[in-house]
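Quick note: the sequence shown, position 12, residue 13 per the numbering used here, numbers continuous. For glycine and all other residues, C-beta sits at the position ideal for the given N, C-alpha and C. Here is the structure we will look at, set down as structure tokens.
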Amino acid sequence: MKKLACQDIGLNCGYIIEGKSDEDIVKSAEQHIWEIHAIKQEEITSEMKAKIKQNIRNS
Ligand SMILES: [Zn+2]
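Structural data, given as structure tokens:
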């Protein structure tokens with residue numbers, strides 16, 4: 002399993018995203034960012050996308 006802390010991508014949030022693969026995490030992160038932070042997928046900056054990929058950890 003892999004995980005990503007929402008705060009590691011620069012948002013003030015205690016949510017931890019979990020998934021089976023990096024791809025899974027990216028998808029869940031995009032969904033979480035939309036549902037909780039009201040940031041649309043197309044509004045996610047390349048900087049934020051890079052942070053998502055850089056901060057995925059093995060759990
Ligand atoms: Zn969040």
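As a beta-bridge residue in DSSP terms, Glu-19 pairs with Lys-4. Not one heavy atom of ligand 1 lies closer than 8 Å to the C-beta of Ile-26.
Of the residues assessed, Ala-39 falls on the exposed side of the cut-off, its CB having fewer than 16 other CB atoms within 10 angstroms.
Here Glu-19 is near Lys-4, since their CB atoms are less than 9 Å apart.
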